[in-house]
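The numbering of the sequence shown is this note's numbering, which starts it at 13 and goes up by one.
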Amino acid sequence: MYQICTNTPMDHFVIESILDDGQSGTTLDELKNMGMEFNLTFRDDGTVSLKLGFAEIAGTWDDATITASDEESGDSTFPYTLEGDKLTIDMGDGCAYVYRRSGETPSVRQPDSGKTVETHFDDLNQKSWLMTAICPEAWYHHNLPIFDNTIVFTTAPNLIDETASQIKFIAYTKMTANHADMPQGTPVKLTLNGKTWEGTHNKEENLFALYTTITNENGEDLIVDVNVNGIEPEDDIFQKVLASFDIKSAKA
């Protein structure tokens with residue numbers, strides 16, 4: 013049987029499928045669209061690098077198990093089987109990750125610089141709207157399949173990187189007379205491309221929140237929130253992203 017690292021100092025595997033008990037409701041493509049990666053790099057010294065979702069984990073391996081080390085949760089050991097070039101890891105709870113041996117180092121995600129991102133949003137009357145914005149230079153766009161009314165840009169390829177700056181647009185139908193409470197901070201008001209955004213800026217936490225109101229063809233008010241972490245309101249990057257934002261009736 014062809015084993016790991018027998019003819020090479022490193023052996024790379026990329027994910028092929030996820031097998032579960034049918035309860036997750038999320039496909040591999042959806043996970044990848046969210047920026048998750050599932051790659052393995054084995055080394056002949058007995059160490060392994062794991063990219064599991066958003067986490068990058070170091071560990072060790074032997075002929076039957078992979079042990080992932082984590083400072084917070086401790087070590088976790090997962091049994092695996094190898095059949096030719098197909099490696100299957102038992103993740104527990106009826107879930108297994110199936111990988112395929114790759115002759116190349118797993119690809120590194122590249123920034124979505126200048127990419128026009130779009131997502132659909134349905135109002136209360138099930139009318140479909142198209143929301144778009146342009147990803148900043150050297151930033152990344154993250155799809156959220158569960159929330160099709162949201163656009164997220166970050167400075168990191170992983171969505172849950174808490175050190176990364178973030179710009180998030182969220183569209184929804186206005187349900188009450190007043191907008192949701194804004195966080196405490198200095199009042200902010202911007203007008204770009206005919207849209208007026210207002211909200212607050214919290215300098216201590218380096219975040220600000222803005223919103224704009226759009227009246228649709230049915231006379232309903234749509235609200236678009238933009239929540240920003242790690243960028244000043246006057247920052248040129250955010251000004252360009254906000255100026256690129258648009259929401260319009262989607263064609264049938």
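In this text, a Cβ means the ideal position worked out from N, Cα and C, and glycines have one as well.
The alpha helix (DSSP H) spanning residue i covers which residue range?
i    : result
D233 : Segment D233 to N241 is the beta strand (DSSP E) holding D233; no alpha helix (DSSP H) there.
Residue i by DSSP, collapsed to three states: which one?
i    : result
I249 : helix
M13  : Because M13 sits at a pLDDT of 45, beneath the cut-off of 50, its placement in the model cannot be relied upon, and the following sentence gives the value as read from the coordinates. Residue state, collapsed to three classes: coil.
D135 : coil
D97  : coil
A255 : helix
L202 : strand
D105 : coil
L219 : strand
L142 : strand
How many whole angstroms separate the CB atoms of residue i and residue j, which I take to be in contact at a CB cut-off of 8 Å?
i    : j    : result
D237 : A255 : Contact flag wrong, Cβ pair sits at about 17 Å.
V26  : F165 : Actually they do not touch by this definition, with Cβ atoms about 26 Å apart.
T93  : D87  : Contact flag wrong, Cβ pair sits at about 21 Å.
A183 : N161 : 5 Å
E218 : N241 : Just to set this straight, residue 218 is Asn in the shown sequence, not Glu. Going by Cβ atoms, the distance from N218 to N241 rounds to 7 Å, so yes, they are a contact pair.
C107 : D41  : About 17 Å; that fails the 8 Å criterion.
Let me know if residue i comes out buried or exposed under the rule of 16 or more other beta-carbons within 10 Å of its beta-carbon.
i    : result
G211 : buried
Q15  : exposed
N137 : exposed
Q196 : exposed
L52  : buried
H132 : exposed
T224 : buried
I101 : buried
G126 : exposed
P148 : buried
N19  : exposed
Between which two residues does the beta strand (DSSP E) harbouring residue i extend?
i    : result
R121 : Taken as a continuous stretch (DSSP letters only), R121 belongs to no beta strand (DSSP E), as it is neither H nor E.
E28  : M22 to L31
A183 : Q178 to T185
E210 : K207 to N214
T162 : T162 to T166
* Could you give the uninterrupted runs of the beta strand (DSSP E) lying entirely in the stretch 52–92, keeping only those of 3 residues or more? -> 59–65, 67–73 and 77–82
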